[in-house]
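Written out below as structure tokens is the structure these notes cover.
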DNA sequence: ATTGTAGGTGTACGGCGTACACTTGTCAAG
DNA sequence: CTTGACAAGTGTACGCCGTACACCTACAAT
């Protein structure tokens, strides 16, 4: 049932995942679902656990930096397979045991790398949601290559938001015709992640 | 009406802000609201704009680092006054013009500080949601000082999540009886912000 | 005096989560 | 073989939600 819910959310989007739709998808009456979950929130928790379960375990024998990096990038891959997941995670206040276990091993990687308890605490706060592979973008640059829409956006944004426009048109790294090729989310994610990891490294007491 | 909606969300929480409740609060019939907003989403957009409007303009004459820092901390203060706002912002995909204007001046601060267009782009992605003053915590350490609940948590978490427990009990910076005083969110926010700003500074070409 | 318009009203629809009482299929203990 | 517990599915109903649509009202500009 959790698998079905995940598949349904993958296919039709989280906003159209209702208990009724899921039940229909399973060929069952809505109330039947409540024999397996107490309520919709518990269903969502279970779905998150499925996604988190897809994250690779930490690689053994690597340094903390590489181990953390690889694990986070694996989390990101899982999240890209289930685009609804980050939004659902954001909306939760208390982590499930599965998420807690993920956090626990991530903390363990830092501790093993020589970070004190307190420093690890700060560092975990600093990576924030990125630890689970998503970066909480406030806006969506990477979209619409449609040149007509792009031109309209330039006309609209240009006068009032010149700085936003500059970034939007330069967007990626190449030259842009009207609007760049959008921005490379993966590049941006790794850029930020590496900046953070480098920053963390500098906080480590020299051994 | 936007003010009333903001006040209502402040008081009763965003989850209980419905068009019907807001209408009742205004002494008006639900459908009357639709003469002022096209739909609920537009209402939420307007509410966000109110919050973003509370953010102080950038201070003049400061270096980029201090200007960015102060502005972001001002944004954070606005968000702390309206705890629902971050959640609503997260759930939006397209920024309103007001948010875009905020971004635009923030980008301007970096540009004036000597950041290239591309570097500014990366840097904006890296601060991510923090630019608006919230940090997207996946879990809520700073809660429940109730020692009974705390003890129960220790009993439950201890065996399975020793690393999480270590951080939770050390929590802040002082010695902890059973569970620390919770963590100082403001400290964590500034810690992360400063780590990022320092990281950005290092990316700047030496002048 | 007319009329356009901004704003408020009333009714109604389809969707949602889920409480509660019920049936059914399965299978181990007597 | 019977029985009865229990897990799983059913059907009905309630209260809430956002909002479409037709209507009304008061007032400002012509």
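Protein chains in written order, with the numbering used here: chain A, 1 to 207; chain B, 1 to 207. C-beta: ideal position from N, C-alpha, C; glycine also.
Next item on the list: Return the chain-ordered list of same chain residues with a C-beta closer than 6 Å to the C-beta of residue 30 of chain A, the five sequence neighbours on each side being excluded.
Entry: Excluding positions up to five away in sequence, the list reads 19, 20 and 23.
Notebook entry, point to check: Quick one: does residue 103 of chain A have its CB under 8 Å from some CB of chain B?
Noted result: Yes, because at least one Cβ of chain B sits closer than 8 Å to the Cβ of residue 103 of chain A.
Notebook entry, point to check: What is the residue span of the alpha helix (DSSP H) that residue 87 of chain B lies within?
Noted result: From DSSP, the alpha helix (DSSP H) with residue 87 of chain B extends over 84 to 90.
Next item on the list: Starting from residue 71 of chain B, find everything on chain A with Cβ-Cβ shorter than 8 Å and list it in chain order.
Entry: Within chain A, no residue comes near residue 71 of chain B; the closest Cβ sits about 14 Å away, beyond 8 Å.
Margin query: Between the alpha carbons of residue 187 of chain A and residue 151 of chain B, how many angstroms are there, rounded?
Written below: Rounded to whole angstroms, the gap between the alpha carbons of residue 187 of chain A and residue 151 of chain B is 44 Å.
Next item on the list: Can you say whether residue 12 of chain B is buried or exposed, counting buried as having 16 or more other CB atoms within 10 angstroms of its CB?
Entry: Flag for residue 12 of chain B reads exposed.
Checklist line | Own chain, CB closer than 8 Å to residue 4 of chain B, minus 5 neighbours either side, in chain order | finding: Close CB contacts of residue 4 of chain B within its chain, under the 8 Å cut and outside five residues either way in sequence, are with 22, 25 and 26 (chain order).
Note to self: My assumption, with CB atoms under 8 Å, is that residue 50 of chain A sits in contact with residue 6 of chain A. Please give the rounded CB distance.
What the structure shows: Contact between residue 50 of chain A and residue 6 of chain A holds: CB atoms are separated by about 5 Å, below the 8 Å threshold.
Notebook entry, point to check: Relative to the C-alpha of residue 168 of chain A, which residue among B/119, B/34, B/52 and B/85 is closest?
Noted result: Of the candidates B/119, B/34, B/52 and B/85, the one whose C-alpha sits nearest the C-alpha of residue 168 of chain A is B/119.
Item checked: Inter-residue spacing [alpha-carbon to alpha-carbon] between residue 48 of chain A and residue 115 of chain A -> Counting only the Cα atoms, residue 115 of chain A lies some 29 Å from residue 48 of chain A.
Note to self: Can you tell me whether residue 163 of chain A is buried or exposed? The criterion is at least 16 other CB atoms within 10 Å of its CB, across all chains shown.
What the structure shows: Looking at its Cβ environment, which holds 16 or more other Cβ atoms inside 10 Å, residue 163 of chain A is buried.
Item checked: Residue-chain proximity (residue 135 of chain B, chain A), Cβ-Cβ < 8 Å -> Among the CB atoms of chain A, one or more fall inside 8 Å of the CB of residue 135 of chain B.
Item checked: 8 Å Cβ cut-off: residues of chain B touching residue 117 of chain A -> Within chain B, 166, 167 and 170 have C-beta atoms less than 8 Å from the C-beta of residue 117 of chain A, given in sequence order.
Check: Roughly how many whole angstroms lie between the Cα atoms of residue 190 of chain A and residue 77 of chain A?
Finding: Using only the alpha carbons, I get a separation of about 12 Å.
Next item on the list: Mind listing the chain A neighbours of residue 192 of chain B? Cutoff is C-beta to C-beta under 8 Å, in chain order.
Entry: The answer, in chain order, is 122, 125, 126 and 128.
Margin query: Could you check whether the Cβ of residue 66 of chain A sits closer than 7 Å to any heavy atom belonging to the ligand NAP?
Written below: Absence of the ligand NAP from the depicted structure is noted, as is the absence of any ligand whatsoever, leaving it without description.
Check: Between the Cα of residue 99 of chain B and the Cα atoms of A/170, A/203, A/161 and A/34, which residue gives the shortest distance?
Finding: Here the closest residue by C-alpha is A/161.
Checklist line | Proximal residues of chain B, C-beta to C-beta of residue 100 of chain A below 7 Å | finding: Residues of chain B passing the Cβ test: 161 and 164.
Next item on the list: Identify which residue in A/65, A/69, A/41 and A/33 has its Cα closest to the Cα of residue 204 of chain A.
Entry: When only C-alpha atoms are compared, the closest one is A/65.
Check: Can you tell me whether residue 137 of chain B is buried or exposed, with buried defined as 16 or more other CB within 10 angstroms of its CB?
Finding: Buried, since its Cβ has 16 or more Cβ neighbours within 10 Å.
Checklist line | Proximity test, Cβ basis, 8 Å: residue 90 of chain B and chain A | finding: For residue 90 of chain B, the answer is yes, since a Cβ of chain A falls inside 8 Å of its Cβ.
Item checked: Cβ distance (whole Å) where residue 195 of chain A is taken to contact residue 199 of chain B below 8 Å -> About 5 Å; that satisfies the 8 Å criterion.
Notebook entry, point to check: Less than 8 Å separating the beta-carbons of residue 10 of chain A and residue 125 of chain A?
Noted result: Taking the C-beta atoms as reference points, residue 125 of chain A is found no nearer than 8 Å to residue 10 of chain A.
Checklist line | residue 60 of chain A versus A/103, A/113 and A/90, residue with shortest Cα-Cα distance | finding: Checking every option, the nearest Cα to that of residue 60 of chain A belongs to A/113.
Note to self: Which residues in chain B have a C-beta closer than 7 Å to the C-beta of residue 108 of chain A? List them in chain order.
What the structure shows: For a Cβ distance threshold of 7 Å, residue set 163 of chain B lies close to residue 108 of chain A, ordered along the chain.
Checklist line | Neighbour list for residue 42 of chain A in chain B, Cβ cutoff strictly below 9 Å | finding: Residues of chain B passing the Cβ test: none, with the nearest at roughly 17 Å.
Notebook entry, point to check: Can you tell me whether DSSP reads residue 36 of chain B as helix, strand or coil?
Noted result: In this structure, DSSP gives residue 36 of chain B a state outside helix and strand, which the three-state scheme calls coil.
Check: Is the beta carbon of residue 55 of chain B sitting closer than 8 Å to the one on residue 193 of chain B?
Finding: No. Outside cutoff.
Checklist line | Residue interval of the alpha helix (DSSP H) (run including residue 26 of chain A) | finding: Looking at the DSSP string, residue 26 of chain A is not in any alpha helix (DSSP H), and its letter there is neither H nor E.
Notebook entry, point to check: In terms of residues, what are the limits of the alpha helix (DSSP H) holding residue 9 of chain A?
Noted result: Residue 9 of chain A: member of the alpha helix (DSSP H) spanning 2 to 12, first to last residue.
Checklist line | Local conformation of residue 20 of chain A per DSSP, three classes | finding: Helix at residue 20 of chain A.
Next item on the list: Could you round the C-beta distance between residue 103 of chain B and residue 95 of chain B to whole angstroms and report it? I think they count as a contact, below 8 Å.
Entry: Indeed, because the Cβ distance is near 7 Å, the residues count as touching under 8 Å.
Checklist line | Interface flag, residue 198 of chain A vs chain B, CB-CB below 8 Å | finding: So, interface residue.
Next item on the list: Could you give the DSSP three-state label for residue 104 of chain A: helix, strand or coil?
Entry: Under the three-state reduction of DSSP output, residue 104 of chain A falls in the helix class.
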